[in-house]
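First comes the structure, then the notes that go with it.
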Amino acid sequence: MHNKDLLNRIATELSTVCDRDESMAIARYVMEYVTDNKLVSSDSEFSQESKEWFESILARLKNSEPVQYVLGFAYFMGNKYKVNQGVLIPRPETEELLELVYKRSGSDNFTAIDIGTGSGCIAVELSKKYPKARVYAVDISERALAVASENAEKHKTQVNFISDDILNPAMENYPSVDVVVSNPPYVAMDEKEFMHANVINYEPHLALFASSPLEFYEAIALFAEKKLISGGEIYLEINPIYAESTSEVYKRKGFTDIELVKDITGKQRFLFCRKL
Ligand code: GLN
4 MHNKDLLNRI ATELSTVCDR DESMAIARYV MEYVTDNKLV SSDSEFSQES
54 KEWFESILAR LKNSEPVQYV LGFAYFMGNK YKVNQGVLIP RPETEELLEL
104 VYKRSGSDNF TAIDIGTGSG CIAVELSKKY PKARVYAVDI SERALAVASE
154 NAEKHKTQVN FISDDILNPA MENYPSVDVV VSNPPYVAMD EKEFMHANVI
204 NYEPHLALFA SSPLEFYEAI ALFAEKKLIS GGEIYLEINP IYAESTSEVY
254 KRKGFTDIEL VKDITGKQRF LFCRKL
């Protein structure tokens, strides 16, 4: 099967589950995998084995399984990350969160922690961008920590992983930090019915849902009260529906310079603040 036929076949098969743009994007992911893994010979023909593989992944894609899980990788900040169903697929919003961090001024020789690291994409990108920084990353999920460690290794970065529950953290295990970054679970239970099948059926609920919308933001504020240095910065991805109440959490606790920042779609998706 030639590349063009392959692209068309995917686009046609997926026309019932997603729109043309999305199916073409998925097809390109598949093509990249096919080329990288040399699944086609020089005359662009699939071997029998690759044909079977192709049919099996097509069936999974038709079931609305995200292509990133089917193939085991996703892009974040232009770099390739391993993903599986134990971690969220990195979102473009979270790239914008990193862009906010990159605008910071001050020394690059800092200590940062990524809370709820998942695939490790934030922590790995931070340590790439700031080679002098010490980067820590915490997660409750062992499955996520395994993926994150692989990603740190793959990108040849040094990230210090901590296995812990940020809702009930063992504070003595953490260093004091200059920067906190987090994209915690922030989807409220009552939003579930509005979510797409590809998210709800495949992505880890542990990483998506909070039992109350502010619980992780309260926990992060408590963590920052204990471990963030005076003048230290907090960068958070937040649920736009609860932007004001999230910012209240930090106001009440005396954090300063609180700023709500919009994402490219115009939603209040990020919160920045500083410890007095
Ligand atoms: N932005 C994610 C979504 O689309 C949620 C990420 C999170 O809960 N941190 O559902």
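Position one of the sequence shown corresponds to residue 4 (the numbering used here), numbered consecutively onward.
Beta carbons are placed, not taken as given, at the ideal position from N, Cα and C, and that holds for glycine.
Residues near residue i in its chain [Cβ-Cβ closer than 6 Å; skip 5 each side]
i	result
residue 230	177, 179 and 180
DSSP-derived helix/strand/coil call for residue i
i	result
residue 277	strand
residue 252	helix
residue 22	coil
residue 272	strand
residue 6	helix
residue 11	helix
CB contact flag (residue i, residue j, <8 Å)
i	j	result
residue 120	residue 151	yes
residue 105	residue 87	no
residue 244	residue 273	no
residue 129	residue 117	yes
residue 122	residue 93	yes
residue 41	residue 157	no
residue 13	residue 28	no
residue 61	residue 36	no
residue 252	residue 218	no
residue 79	residue 124	yes
7 Å CB neighbourhood of residue i in its chain, flanking five on each side removed
i	result
residue 172	226
residue 107	236
residue 32	70 and 74
residue 233	278 and 279
beta-carbon residue i near the ligand ATP non-hydrogen atom, thresh 7 Å
i	result
residue 95	The model on display carries the ligand GLN but not the ligand ATP.
Own chain partners of residue i with C-beta closer than 8 Å, once the 5 adjacent residues on each side are dropped
i	result
residue 260	275, 276 and 277
Legend entry - Segment contact flag, the segment 179 to 198 with the segment 68 to 81, C-beta cutoff 8 Å, min 3 pairs: no
Inset, instruction - Would you check if the segment 206 to 218 and the segment 139 to 147 touch, i.e. whether three or more CB-CB distances between them fall below 8 Å? - result: yes
Legend entry - Residue ranges of each beta strand (DSSP E) within the segment 103 to 178, 3 or longer: 114 to 118, 137 to 142 and 162 to 166
Inset, instruction - Determine, using beta-carbon pairs with one atom in the segment 224 to 240 and one in the segment 128 to 140, whether at least three such pairs fall under 8 Å. - result: no
Legend entry - Inter-stretch contact (C-beta, 8 Å, three-pair minimum) for the segment 156 to 167 and the segment 194 to 204: no
Inset, instruction - Quick one: which unbroken beta strand (DSSP E) runs of 3-plus residues sit fully inside the segment 16 to 80? Chain order, please. - result: 76 to 79
Legend entry - Uninterrupted beta strand (DSSP E) stretches inside the segment 190 to 266 (no shorter than 3 residues): 231 to 240 and 259 to 265
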